[in-house]
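Novice:
Residue numbers (our numbering): 2 to 88.
1) When you compare each of 13, 28, 76, 40 to residue 59 by their alpha carbons, which one comes out closest?
2) With a cut-off of 8 Å on the beta carbons, I'd call residue 20 and residue 37 a contact; round off their distance for me.
3) Residue 82: buried (16+ other C-beta within 10 angstroms of its C-beta) or exposed?
4) Which residue marks the beginning of the beta strand (DSSP E) containing residue 1, and which one marks its end?
5) Could you check the C-alpha separation between residue 73 and residue 7 for me, to the nearest Å?
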(Lines of atoms letter the chains of each structure in order from A; the text may use other names.)
(Lines give C-alpha, C1' and ligand atoms only; values in the text may rest on other atoms or scores of the structure.)
Protein backbone atom coordinates (compact mmCIF):
# COMPACT_ATOMS: atom_id res chain seq x y z
CA UNK A 2 0.00 0.00 0.00
CA UNK A 3 1.37 3.40 -1.03
CA UNK A 4 -0.04 6.80 -0.22
CA UNK A 5 0.82 9.55 -2.72
CA UNK A 6 -0.98 12.80 -1.92
CA UNK A 7 -4.68 12.08 -2.31
CA UNK A 8 -4.18 8.79 -4.18
CA UNK A 9 -3.76 5.38 -2.59
CA UNK A 10 -2.22 2.44 -4.45
CA UNK A 11 -2.93 -1.10 -3.26
CA UNK A 12 -2.06 -4.61 -4.39
CA UNK A 13 -4.65 -7.25 -5.27
CA UNK A 14 -2.79 -10.06 -3.54
CA UNK A 15 -3.76 -9.07 0.03
CA UNK A 16 -4.47 -11.77 2.57
CA UNK A 17 -7.61 -11.56 4.73
CA UNK A 18 -5.59 -10.09 7.59
CA UNK A 19 -4.15 -7.42 5.28
CA UNK A 20 -7.66 -6.63 3.99
CA UNK A 21 -8.87 -6.13 7.57
CA UNK A 22 -5.91 -3.85 8.29
CA UNK A 23 -6.56 -1.94 5.05
CA UNK A 24 -10.20 -1.41 6.04
CA UNK A 25 -9.22 -0.18 9.51
CA UNK A 26 -6.73 2.18 7.90
CA UNK A 27 -8.99 3.59 5.18
CA UNK A 28 -12.39 4.01 6.88
CA UNK A 29 -11.32 6.99 9.07
CA UNK A 30 -9.42 8.55 6.13
CA UNK A 31 -11.95 8.00 3.34
CA UNK A 32 -12.80 11.71 3.09
CA UNK A 33 -9.16 12.58 2.29
CA UNK A 34 -8.65 10.04 -0.49
CA UNK A 35 -9.71 10.86 -4.04
CA UNK A 36 -8.46 7.79 -5.90
CA UNK A 37 -7.69 4.17 -5.08
CA UNK A 38 -5.42 2.63 -7.70
CA UNK A 39 -4.59 -1.06 -8.03
CA UNK A 40 -1.06 -2.23 -8.88
CA UNK A 41 -0.79 -3.85 -12.29
CA UNK A 42 -0.10 -7.56 -12.54
CA UNK A 43 -1.47 -8.58 -9.17
CA UNK A 44 -3.72 -11.59 -8.71
CA UNK A 45 -6.97 -11.12 -6.80
CA UNK A 46 -6.73 -13.53 -3.87
CA UNK A 47 -10.04 -12.81 -2.19
CA UNK A 48 -13.44 -11.51 -3.17
CA UNK A 49 -13.41 -9.72 0.20
CA UNK A 50 -11.15 -7.04 -1.28
CA UNK A 51 -13.53 -6.56 -4.20
CA UNK A 52 -16.46 -6.31 -1.76
CA UNK A 53 -14.58 -3.77 0.35
CA UNK A 54 -13.80 -1.60 -2.68
CA UNK A 55 -17.47 -1.66 -3.71
CA UNK A 56 -18.47 -0.75 -0.15
CA UNK A 57 -16.04 2.19 -0.14
CA UNK A 58 -17.42 3.37 -3.49
CA UNK A 59 -20.99 3.22 -2.13
CA UNK A 60 -19.95 5.06 1.03
CA UNK A 61 -18.31 7.83 -0.98
CA UNK A 62 -19.60 7.83 -4.60
CA UNK A 63 -17.15 10.50 -5.78
CA UNK A 64 -14.22 8.20 -4.90
CA UNK A 65 -12.44 7.07 -8.07
CA UNK A 66 -11.55 3.37 -8.28
CA UNK A 67 -10.55 2.65 -11.91
CA UNK A 68 -10.18 -1.07 -11.18
CA UNK A 69 -13.91 -1.33 -10.36
CA UNK A 70 -14.93 0.71 -13.37
CA UNK A 71 -12.98 -1.66 -15.62
CA UNK A 72 -15.24 -4.56 -14.59
CA UNK A 73 -12.80 -7.30 -15.52
CA UNK A 74 -9.62 -8.88 -14.19
CA UNK A 75 -7.53 -11.72 -15.60
CA UNK A 76 -5.88 -14.31 -13.39
CA UNK A 77 -3.79 -17.33 -14.26
CA UNK A 78 -5.34 -19.15 -11.29
CA UNK A 79 -9.01 -18.12 -11.59
CA UNK A 80 -9.30 -17.17 -15.25
CA UNK A 81 -11.10 -14.02 -16.30
CA UNK A 82 -13.33 -12.44 -13.66
CA UNK A 83 -16.17 -10.12 -14.64
CA UNK A 84 -18.38 -8.00 -12.40
CA UNK A 85 -20.94 -5.24 -12.69
CA UNK A 86 -20.76 -2.15 -10.54
CA UNK A 87 -23.73 0.15 -10.30
CA UNK A 88 -23.70 3.63 -8.82
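Ideal placement from N, C-alpha and C gives every residue a C-beta, glycine not left out.
Specialist: With the given structure in hand:
1) As a first step, residue 59 must be located in the chain shown, where it is residue number 58. Closest option to residue 59, Cα to Cα, is 28.
2) In the chain shown, counting from the first residue as 1, residue 20 sits at position 19. In the chain shown, counting from the first residue as 1, residue 37 sits at position 36. 13 Å between Cβ atoms; not a contact.
3) By 1-based counting over the chain shown, the position of residue 82 is 81. The residue in question, residue 82, is exposed, as its Cβ has fewer than 16 Cβ neighbours within 10 Å.
4) Any answer about residue 1 is impossible in this case: the structure gives the chain only from 2 up to 88.
5) Position 72 of the chain shown, counted from the start, is the residue given in the question as residue 73. Position 6 of the chain shown, counted from the start, is the residue given in the question as residue 7. Distance between the alpha carbons of residue 73 and residue 7: 25 Å.
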